[in-house]
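Chemist: Heads up: the sequence shown begins at -9 in the numbering used here, then just goes up one per residue.
Here you go, one structure.
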Amino acid sequence: MTGTLHKRALLIVNPNARSGKRPIAPVREMLESGGLTLVDAAPTDGETLSNVISRMRDACDLVIIGGGDGTLNSAAAGLVDTGLPLGVLPLGTANDFARTIGIPADPHDAARLILSAAPQPIDLGEVNGHLFFNVASIGFSAELAGELTEKAKKRWGKLGYAIVAARLLARSRLFTAYVEHDGSVDEIRTMQVSVGNGRHYGGGMTVEQTATADDGRLDFYSLEVDHWWRLLALLPSLRKGTHGKWDDVRAFHTTEVIVKTSKPRAVNTDGDLTTWTPAHFRIREKAIRVFAPATENRDFGSKRNVRASEHS
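Below, the structure written as structure tokens:
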């Protein structure tokens, strides 16, 4: 195991995650045979996962979380507060953060990675004090998060996103927003504003083709389409992360951006509605450490590698 001092692992498994009820005993055995002493904990009344991590900080050397992106999001503040490295067992519906940083989808393979990999520094996004791993959105995606129930996600998985999205799309309308960044203010009419820290989100969408979760920047885009069918035409590019090339998509990179609307609008962070506009986004560089492949060993091109090739 990499890092011999990391022997006591706080293990938190979300039983409500889509795969949270699958047998976890073989994964536990693998972790224990690899040298870890597992310390089980769960929230008591009124506690969040972050509260649990902070409370157990002196009883463990790392934290292992079994769940999806929403589960990870609820643990973010505790991980930042304690500085404990994170191991991820992907048990959720989409597991977008795990995909972004190259953690295997199979929990057994993910456990092997925790035992063998070194913790990698990972950025987090922040909006109005709320941390996020993947993306924060205002507009269509926030409405989708509000209507996609846990029951639907567990029953339909990724298909649930598509079912609810199709229903919302038929009645979606543009809204006015004011975007402040890098010394400029833009008034826009948009269906959705998204600010990404990682690469993947929404069960199959891509924030930006070359995005990573350790590049020290946020990826902003705004869908300024005037007809719902235009969004359907954009869908393949939204999945690939190449939508920034379209004329009706505003896209840029930054480290801080403020989005204001005439009336408060909900902000979706990693699938949950957590705050409202006005929304102040910023990057939190190297905020946490995660057991993951080193950037150059992941199965997608990083911005660093892209830039290096451009200058070679």
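C-beta: ideal position from N, C-alpha, C; glycine also.
Are the Cβ atoms of residue 54 and residue 24 separated by less than 8 Å?
Modeler: Within the sequence shown, residue 54 is the residue found at index 64, counting from 1. Within the sequence shown, residue 24 is the residue found at index 34, counting from 1. Contact: no.
Chemist: Hey, how far is the Cα of residue 234 from the Cα of residue -3?
Modeler: To locate residue 234, count along the sequence shown from 1; it is residue 244. To locate residue -3, count along the sequence shown from 1; it is residue 7. When rounded, the distance between both Cα atoms is 44 Å.
Chemist: Could you give the first and the last residue of the continuous alpha helix (DSSP H) run that contains residue 60?
Modeler: Position 70 of the sequence shown, counted from the first residue, corresponds to residue 60. Looking at the DSSP string, the run of the alpha helix (DSSP H) that includes residue 60 is 59 to 72.
Chemist: Kindly indicate which three-state DSSP category residue 284 falls into: helix, strand or coil?
Modeler: If you number the sequence shown from 1, residue 284 lands on position 294. Three-state result, residue 284: coil.
Chemist: Where does residue 98 land, buried or exposed, given buried means 16+ other C-beta within 10 angstroms?
Modeler: Position 108 of the sequence shown holds residue 98. It counts as exposed.
Chemist: Taking just the CA atoms, how far does residue 101 sit from residue 27?
Modeler: Reading the sequence shown from its first residue, position 37 is the one you call residue 27. Reading the sequence shown from its first residue, position 111 is the one you call residue 101. Straight-line Cα distance between these residues: approximately 14 Å.
Chemist: Among 271, 249, 21 and 181, which residue has its Cα nearest to the Cα of residue 239?
Modeler: Counting from one through the sequence shown, the residue named residue 239 turns up at place 249. If we check each option's Cα against that of residue 239, 181 comes out closest.
Chemist: What residue does the alpha helix (DSSP H) around residue 103 start on, and which one ends it?
Modeler: Here residue 103 corresponds to residue number 113 of the sequence shown, with the count starting at 1. 97 to 106 is the extent of the alpha helix (DSSP H) around residue 103.
Chemist: For a quick check, are the C-beta atoms of residue 43 and residue 65 less than 8 Å apart?
Modeler: Here residue 43 is taken as the residue at index 53 of the sequence shown, counted from 1. Here residue 65 is taken as the residue at index 75 of the sequence shown, counted from 1. Yes, these two residues count as a Cβ contact at 8 Å.
Chemist: If you count every other CB in all the chains shown that lies within 10 Å of the CB of residue 5, and 16 or more means buried, which is it?
Modeler: Numbered from its first residue, the sequence shown carries residue 5 at position 15. Its Cβ having fewer than 16 others within 10 Å, residue 5 is exposed.
Chemist: How big is the Cα-Cα spacing for residue 208 and residue 72?
Modeler: Locating residue 208 in the sequence shown gives position 218, where the first residue counts as 1. Locating residue 72 in the sequence shown gives position 82, where the first residue counts as 1. If you take the alpha carbons of residue 208 and residue 72, they lie about 24 Å apart.
Chemist: On a Cα-Cα basis, can you pick out the residue from 194, 243, 202 and 253 that is closest to residue 225?
Modeler: Here residue 225 is taken as the residue at index 235 of the sequence shown, counted from 1. Of the listed residues, the one whose Cα sits closest to residue 225 is 194.
Chemist: When you compare the segment 161 to 174 with the segment 184 to 192, are there three or more beta-carbon pairs, one atom per stretch, that lie closer than 8 Å?
Modeler: no
Chemist: To test your reading of the DSSP string, which unbroken alpha helix (DSSP H) runs of 4 or more residues are found completely within the segment 246 to 277?
Modeler: none
Chemist: Taking residue 365 and residue 255 to be in contact with their CB atoms under 8 Å, please state how far apart those CB atoms are, rounded to whole angstroms.
Modeler: Examination of residue 365 is not possible in this model, given that the chain is present from -9 through 302 alone.
Chemist: Can you tell me the Cβ-Cβ gap for residue 206 and residue 275, rounded? I've got them flagged as a contact below 8 Å.
Modeler: Within the sequence shown, residue 206 is the residue found at index 216, counting from 1. Within the sequence shown, residue 275 is the residue found at index 285, counting from 1. Correct: roughly 5 Å between the Cβ atoms.
Chemist: Report all residues from its chain with a CB closer than 7 Å to the CB of residue 270; omit the five preceding and five following residues, and keep chain order.
Modeler: As a working note, residue 270 is residue 280 in the sequence shown. Correct list, in chain order: 117, 118 and 248.
Chemist: Out of 242, 279, 63 and 174, which one is the CA nearest neighbour of residue 258?
Modeler: Against the sequence shown, residue 258 aligns to sequence position 268. With distances taken between Cα atoms, residue 258 lies closest to 63.
Chemist: Roughly how many angstroms lie between the CA atoms of residue 86 and residue 283, to the nearest whole one?
Modeler: Residue numbering aside, residue 86 sits at position 96 when the sequence shown is read from its first letter. Residue numbering aside, residue 283 sits at position 293 when the sequence shown is read from its first letter. Each residue's Cα considered, the two are about 16 Å apart.
Chemist: Do residue 173 and residue 197 have their beta-carbon atoms positioned less than 8 Å apart in this structure?
Modeler: Residue 197 sits at position 207 when you count from the first residue of the sequence shown. Residue 173 sits at position 183 when you count from the first residue of the sequence shown. It is not a contact, given that the beta carbons lie outside the stated cut-off.
Chemist: From the DSSP output, which residues share a beta bridge with residue 178?
Modeler: Start at 1 with the first residue of the sequence shown, and residue 178 comes out as number 188. According to DSSP, residue 178 bridges with 167.
Chemist: Assuming residue 49 and residue 17 form a contact by the criterion Cβ under 8 Å, report the distance between their Cβ atoms to the nearest whole angstrom.
Modeler: Counting from one through the sequence shown, the residue named residue 49 turns up at place 59. Counting from one through the sequence shown, the residue named residue 17 turns up at place 27. Between residue 17 and residue 49 the Cβ distance is about 21 Å, and since that is not below 8 Å, they are no contact.
Chemist: Give a yes or no on whether the C-beta atoms belonging to residue 178 and residue 131 are separated by under 8 Å.
Modeler: Mapped onto the sequence shown, residue 178 falls at position 188. Mapped onto the sequence shown, residue 131 falls at position 141. Cβ atoms of residue 178 and residue 131: not closer than 8 Å.
Chemist: Buried or exposed: residue 223, going by 16 or more other Cβ atoms within 10 Å of its Cβ?
Modeler: Position 233 of the sequence shown, counted from the start, is the residue given in the question as residue 223. So residue 223 counts as exposed.
Chemist: Which first and last residues belong to the beta strand (DSSP E) in which residue 2 is found?
Modeler: As a first step, residue 2 is located in the sequence shown; it is residue number 12 there, counting from the start. -2 to 3 is the span of the beta strand (DSSP E), which, as asked, contains residue 2.
Chemist: Measuring alpha carbon to alpha carbon, tell me which of 200, 228, 175 and 163 ends up nearest residue 184.
Modeler: The sequence position of residue 184 within the sequence shown is 194, counting from 1. Ranking the options by Cα distance to residue 184, first place goes to 228.
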